[in-house]
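Numbered continuously in my numbering, the sequence shown closes out at residue 400. For reference, the structure is listed below as structure tokens.
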Amino acid sequence: MFDRTSRIIKDSGRLSFEHVPEKLIHREGQMRQLEMLFRPMAVDGVPCTALLSGGVGTGKTATAKRFCEDTARHCAKAGGAIDHIMVNCRVRSAEYGVLLHLVRHFDKGFPDRGFSAAEMLRSFRTHVEKGARPMIVVLDEADMLLKSGSRDLVYQLMRMNEELRNASVSMMLIAQRPVAELLDEASMSTFRRANNVRFERYTAAELAGIIEARAQEALHPGTLGDDEVALLAEIAAQYGDARFAIELIERSASIAETGDAGRITADDIRSANAMIYSDVSENKLRDLDLNRKLTLLAIARALKSDPYVSMTAAKKTYGIVCEEYGQTARKHTQFWTYVQDMERAGILSTEVRNEPDGGRVTHISVPNIPPRELAKKLEYLLETPQSADEQVW
Ligand SMILES: Nc1ncnc2c1ncn2[C@@H]1O[C@H](COP(=O)(O)OP(=O)(O)O)[C@@H](O)[C@H]1O
Ligand SMILES: [Mg+2]
Numbered sequence: 008m009f010d011r012t013s014r015i016i017k018d019s020g021r022l023s024f025e026h027v028p029e030k031l032i033h034r035e036g037q038m039r040q041l042e043m044l045f046r047p048m049a050v051d052g053v054p055c056t057a058l059l060s061g062g063v064g065t066g067k068t069a070t071a072k073r074f075c076e077d078t079a080r081h082c083a084k085a086g087g088a089i090d091h092i093m094v095n096c097r098v099r100s101a102e103y104g105v106l107l108h109l110v111r112h113f114d115k116g117f118p119d120r121g122f123s124a125a126e127m128l129r130s131f132r133t134h135v136e137k138g139a140r141p142m143i144v145v146l147d148e149a150d151m152l153l154k155s156g157s158r159d160l161v162y163q164l165m166r167m168n169e170e171l172r173n174a175s176v177s178m179m180l181i182a183q184r185p186v187a188e189l190l191d192e193a194s195m196s197t198f199r200r201a202n203n204v205r206f207e208r209y210t211a212a213e214l215a216g217i218i219e220a221r222a223q224e225a226l227h228p229g230t231l232g233d234d235e236v237a238l239l240a241e242i243a244a245q246y247g248d249a250r251f252a253i254e255l256i257e258r259s260a261s262i263a264e265t266g267d268a269g270r271i272t273a274d275d276i277r278s279a280n281a282m283i284y285s286d287v288s289e290n291k292l293r294d295l296d297l298n299r300k301l302t303l304l305a306i307a308r309a310l311k312s313d314p315y316v317s318m319t320a321a322k323k324t325y326g327i328v329c330e331e332y333g334q335t336a337r338k339h340t341q342f343w344t345y346v347q348d349m350e351r352a353g354i355l356s357t358e359v360r361n362e363p364d365g366g367r368v369t370h371i372s373v374p375n376i377p378p379r380e381l382a383k384k385l386e387y388l389l390e391t392p393q394s395a396d397e398q399v400w
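Here's what the structure looks like:
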């Protein structure tokens, strides 16, 4: 059962979280900022610092990794090698764990107990001095370290530069909040506010670019269409999170592998999203009143398995649905209010698009659940007699 060749996924390694693409689109600004901040190190070996901050999945770790690797490559070519260590601070007893990681970069067999922090720092300094080259220490998820009261480590690492002769220690701190708030006065004197590199949440358009680029690397050609890219991007844009976008591609692709379409369909994407965040719970649907249930059922039916349906097409189906359930169809403005209510409740989303003829059309999509599933649930709820406490609707 596992020997069937995969029709959708070309290279699953490219969808893993560890994979860092050669080029990080929409992070050119941050890369340039880092280049500027670390120029004194690359050119003259002078210690430099940077603070990277932003929400989950905004590309902080990937950008830091890409920057260090590119800089190391560039410096090696220019005849002056540099070294770098990336360490994640989300470890138990953060300070000790970080120190152990730093020492083991040079000495793989360094024992994990029996040495004080001061001894480990000294050992690290000796290795750096012996290496006789600039070193970049990247402390990822530094909030963890700083919150646990280990600010001293950052200070100690920076102070090392006063004693180093043929080498230097530069630092990059990565955190969700601007680290300046977490650092003490002494450390802040080396981490100036101007060294802060911000990572804003990705917009839907930026995510679409990232998704497209990743699909090209990881999927077989022609398995992810433009509309499906837009749907993925729109879902991930709720969080502005590239990690979520890539997880969605991976799940949708896995679901598509088991289907017959030979490509990723909008339904595969919705199922994947439902698996990750089962947002449209039955309770949420049950809480909708009769008019909103009918509106949503109309949208679900009109969508079929397409990514989007126009407001006009949805309204037409709404008329038919109301007739079926013996209800009077509400006017357009009322219908629009229902749609907006449900968008606020996170059940559907709308987008105004410019048409080729110059007009503007509202498109409705249901990101979290395949429309057929949604229609089935709603039909069930509409046909089941409501309990007394729900009749307030
Ligand atoms: N601009 C981008 N281009 C391509 N992939 C990206 C980009 N930004 C983030 N990613 C990918 O998204 C995932 C999450 O990014 P990451 O750097 O771990 O985010 P953070 O550290 O801010 O939480 C990673 O797999 C990363 O490769
Ligand atoms: Mg990270």
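Glycine included, each C-beta is placed from N, C-alpha and C at the ideal position.
Backbone CA spacing between residue i and residue j [nearest angstrom]
i      : j      : result
Val161 : Phe74  : 21 Å
Leu146 : Phe206 : 16 Å
Gly86  : Asp51  : 12 Å
Asn202 : Phe131 : 25 Å
Arg299 : Phe342 : 9 Å
Gly326 : Ala309 : 11 Å
Ser177 : Ala237 : 40 Å
Ile283 : Ala243 : 11 Å
Asp274 : Ile376 : 8 Å
Leu239 : Gly104 : 38 Å
Ile271 : Gly229 : 9 Å
Leu59  : Ala279 : 31 Å
Ile253 : Gly333 : 44 Å
Leu180 : Asn95  : 10 Å
Met349 : Ala174 : 60 Å
Gly232 : Gly20  : 21 Å
Met417 : Ala182 : Here the chain has residues from 8 to 400 only, and residue 417 is not among them.
Gly116 : Lys72  : 25 Å
Glu102 : Ser157 : 6 Å
Val27  : Ala69  : 6 Å
Leu226 : Tyr315 : 23 Å
Ile262 : Phe24  : 19 Å
Any non-hydrogen atom of ligand 1 closer than 7 Å to residue i Cβ
i      : result
Thr68  : yes
His26  : yes
Ala260 : no
Ala249 : yes
Gly326 : no
Ala220 : yes
His33  : yes
Phe206 : yes
Ile271 : no
Val63  : yes
Ile217 : yes
Ile253 : yes
Spatial neighbours of residue i in its chain, beta-carbon cut-off 6 Å, leaving aside the 5 residues before and after
i      : result
Thr197 : Thr56 and Met165
Gly216 : Ile32
Met167 : Arg132 and Val176
Gly222 : A small correction: the amino acid at residue 222 is Ala; Gly does not occupy that position in the sequence shown. Once the five neighbours on either side are set aside, the close Cβ partners of Ala222 are Leu231.
7 Å Cβ shell around residue i - same chain, five flanking residues per side excluded
i      : result
Asn6   : In this structure the chain extends from 8 to 400, so residue 6 is not present and cannot be described.
Thr78  : Phe45, Ala49 and Ile89
Leu41  : Ala57, Phe74 and Val204
His112 : Ile92
Lys291 : Ala352 and Ile354
Cys329 : Leu301, Thr335 and Ala336
Pro47  : Val53 and Cys55
Distance cut-off 7 Å: residue i Cβ against heavy atoms of ligand 2
i      : result
Asp267 : no
Asp147 : yes
Close-in-space but distant-in-sequence residues of the same chain around residue i (CB under 8 Å, 5 per side omitted)
i      : result
Lys323 : Ala309
Start-end ranges of the alpha helix (DSSP H) lying completely within the stretch 342-383, minimum 4 residues: none
Segments of 3+ residues assigned as beta strand (DSSP E) that fall wholly inside the stretch 180-260: 203-206
Continuous beta strand (DSSP E) assignments of at least 3 residues falling wholly in the stretch 120-162: 141-147
Whole alpha helix (DSSP H) elements within the stretch 45-124, 4-residue minimum: 67-84 and 101-111
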